[in-house]
Amino acid sequence: MNSTLTIVYYIYQTGSRFRNVGYASSIALVFTLVMACIIIMQRRLLREDD
Numbered sequence: 788m789n790s791t792l793t794i795v796y797y798i799y800q801t802g803s804r805f806r807n808v809g810y811a812s813s814i815a816l817v818f819t820l821v822m823a824c825i826i827i828m829q830r831r832l833l834r835e836d837d
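Sequential numbering of the sequence shown, starting at 788, is according to the working numbering.
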């Protein structure tokens with residue numbers, strides 16, 4: 788049952804338990820880019836004009 792598996796735990800599990808470090812690294816990179824895009828959009832939407 789992997790329905791409650793978080794992305795961070797999936798990255799850890801893929802890299803260490805299954806010894807697939809390259810795939811885990813690419814997942815981590817995509818996750819980081821998605822989070823960066825969300826943060827940039829949030830900052831632009833919620834910024835206050837001085």
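Glycine is no exception: its CB is placed at the ideal position from the N, C-alpha and C atoms.
It should be emphasised that the depicted structure is a prediction, and the values quoted were computed from it without experimental measurement.
Measuring only the C-alpha atoms, how far is residue i from residue j?
i, j, result
"TYR799", "ALA811", "7 Å"
"GLU835", "ILE827", "14 Å"
"THR819", "LEU832", "20 Å"
"LEU816", "LEU792", "18 Å"
Given a cut-off of 9 Å, decide if residue j and residue i are closer than it, judged by their beta-carbon atoms.
i, j, result
"ASN807", "TYR797", "no"
"ILE825", "ILE794", "no"
DSSP three-state label for residue i, please.
i, result
"ARG830", "helix"
"ARG804", "helix"
"LEU792", "coil"
Taking its Cβ as the centre, do 16 or more other Cβ atoms sit within 10 Å of residue i, making it buried, or is it exposed?
i, result
"THR801", "buried"
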